[in-house]
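Visitor:
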């Protein structure tokens with residue numbers, strides 16, 4: 001039976017990504033099929049190098065599949081349009097807030113500074129008022145122009161054109177989750193990128209084992225009908241890759257495979 005490997009949310013952690021790829025190479029060789037579950041950017045220190053690694057792997061013909069995450073869309077929308085917010089971020093904070101991690105992503109492209117925010121009385125949202133560097137303070141328009149000049153077009157194109165679902169005979173890979181009562185072709189893109197309520201608490205079998213990330217745990221977990229591989233790399237925890245044979249799952253560690261069983 002074919003082996004499929006998967007890597008959860010990377011969040012700019014290039015060193016963690018390298019370790020995960022080394023573990024997969026040791027287990028499955030250079031031709032291993034890998035599915036990446038999205039959220040390549042934000043929070044960690046080197047989103048640029050993460051994206052470059054993924055693009056390079058694609059371009060040299062690796063058997064790699066990539067899914068778009070909500071943070072990847074936040075990043076590209078900011079660079080393209082200057083959009084700081086998404087309605088799904090209920091706190092109303094800006095993408096540039098360190099909690100979401102946009103400032104770290106821009107920093108990896110050489111746009112380094114400290115954001116200054118204010119809260120709008122009109123819409124309750126947090127808005128950037130200045131971006132202070134060692135040399136000067138940029139206004140929001142100048143920061144967006146700096147971002148557009150710094151981020152390569154091929155990085156934006158890569159992220160913007162990623163699919164939201166990848167499937168095998170036994171597995172369905174998605175960033176956040178889905179609606180259990182809808183087939184894949186009827187799913188809403190916003191759910192695939194953002195869903196928690198109505199998915200994480202649904203114990204129904206979808207027909208395929210769902211492999212996702214998005215909701216950070218202390219470590220990957222198996223919940224019977226789904227596996228969450230977001231072990232919190234965006235918060236400095238290890239990035240633990242997994243290998244699947246049919247619906248059976250093992251986590252890869254420096255000591256070898258560890259079975260991941262339903263909790």
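Residue numbers (UniProt numbering): 1 to 263.
Where a beta carbon is used, it is the ideal one built from N, C-alpha and C, also for glycine.
Is DSSP giving residue 215 helix, strand or coil here?
Guide: Mapped onto the chain shown, residue 215 falls at position 215. Three-state DSSP puts residue 215 in coil, outside helix and strand.
Visitor: Report back the beta-carbon spacing between residue 146 and residue 111 to the nearest angstrom; my notes put them in contact at under 8 Å.
Guide: Position 146 of the chain shown, counting from 1, holds the residue named residue 146. Position 111 of the chain shown, counting from 1, holds the residue named residue 111. Sure, about 5 Å apart at Cβ, within 8 Å.
Visitor: Reducing DSSP to helix, strand and coil, say where residue 52 ends up.
Guide: In the chain shown, counting from the first residue as 1, residue 52 sits at position 52. Looking at residue 52 - three-state DSSP - the assignment turns out to be helix.
Visitor: In this structure, does DSSP put residue 140 in helix, strand or coil?
Guide: One-based indexing of the chain shown puts residue 140 at position 140. Note: residue 140 maps to helix in three-state DSSP.
Visitor: Give the DSSP bridge partners of residue 95, in chain order.
Guide: Numbered from 1 along the chain shown, position 95 holds the residue referred to as residue 95. BP columns for residue 95 are empty, so no partner.
Visitor: Taking contact to mean at least 3 C-beta pairs separated by less than 8 Å, is the region 14 to 22 in contact with the region 76 to 89?
Guide: They do not touch, by the three-pair rule.
Visitor: Using the three-state DSSP reduction, which class does residue 251 fall into: helix, strand or coil?
Guide: Counted from its first residue, the chain shown places residue 251 at position 251. Three-state result, residue 251: strand.
Visitor: In the DSSP assignment, find the beta strand (DSSP E) that holds residue 166 and state where it starts and stops.
Guide: Translated into the one-based positions of the chain shown, residue 166 becomes position 166. Where residue 166 is concerned, the enclosing beta strand (DSSP E) stretches over 165 to 167.
Visitor: Determine the contact status of residue 12 and residue 42, defining contact as a CB-CB distance below 8 Å.
Guide: As a position in the chain shown, residue 12 is number 12, starting the count at 1. As a position in the chain shown, residue 42 is number 42, starting the count at 1. Yes, the Cβ-Cβ distance between residue 12 and residue 42 is below 8 Å.
Visitor: Contact defined as beta carbons within less than 8 Å: I believe residue 123 pairs with residue 72. What is the distance between those atoms, to the nearest angstrom?
Guide: As a working note, residue 123 is residue 123 in the chain shown. As a working note, residue 72 is residue 72 in the chain shown. Rounded, the Cβ-Cβ distance is 25 Å, inconsistent with contact.
Visitor: For residue 273, count neighbouring C-beta atoms within 10 Å of its own C-beta (all shown protein chains included) and say buried if the count is 16 or more, exposed if not.
Guide: Residue 273 lies beyond the residue range present for the chain, which begins at 1 and ends at 263; the question has no answer from this structure.
Visitor: Which of the three DSSP states, helix, strand or coil, is assigned to residue 33?
Guide: One-based indexing of the chain shown puts residue 33 at position 33. Coil.
Visitor: Are residue 6 and residue 229 close, meaning C-beta to C-beta below 8 Å?
Guide: For the purposes of this step, residue 6 is taken as the residue at position 6 of the chain shown. For the purposes of this step, residue 229 is taken as the residue at position 229 of the chain shown. For residue 6 and residue 229, yes; Cβs fall inside 8 Å.
Visitor: Within the region 183 to 215, note down every full beta strand (DSSP E) run reaching 3 residues or more, in order along the chain.
Guide: As far as the region 183 to 215 is concerned, its whole beta strand (DSSP E) runs of at least 3 residues are 209 to 212.
Visitor: I need the boundaries of the alpha helix (DSSP H) containing residue 105, first residue and last residue.
Guide: Within the chain shown, numbered from 1, the residue matching residue 105 stands at position 105. That run of the alpha helix (DSSP H) goes 102 to 108.
Visitor: According to DSSP, is residue 10 helix, strand or coil?
Guide: Position 10 of the chain shown holds residue 10. Residue 10 falls in the coil class under three-state DSSP.
Visitor: Below 8 Å, how does it come out for the region 191 to 205 and the region 153 to 161: are there three or more Cβ pairs, yes or no?
Guide: Output reads no: the region 153 to 161 does not touch the region 191 to 205.
Visitor: Mapping DSSP to helix, strand and coil, what is residue 114?
Guide: As a position in the chain shown, residue 114 is number 114, starting the count at 1. It is a strand residue.
Visitor: Kindly list the residues whose CB is nearer than 6 Å to the CB of residue 95, restricted to its own chain and excluding five residues on each side of it in sequence; keep chain order.
Guide: As a first step, residue 95 must be located in the chain shown, where it is residue number 95. Only 74, 78, 84, 102 meet the Cβ criterion.
Visitor: May I ask you to check if the CB of residue 248 is nearer than 7 Å to at least one heavy atom of the ligand MN?
Guide: Ligands in the displayed structure: none, and consequently the ligand MN is not present.
Visitor: Could you check whether residue 220 and residue 260 sit closer than 8 Å to each other, using their CB atoms as the reference points?
Guide: Indexing the chain shown from 1 puts residue 260 at position 260. Indexing the chain shown from 1 puts residue 220 at position 220. In contact: residue 260 and residue 220 (Cβ atoms closer than 8 Å).
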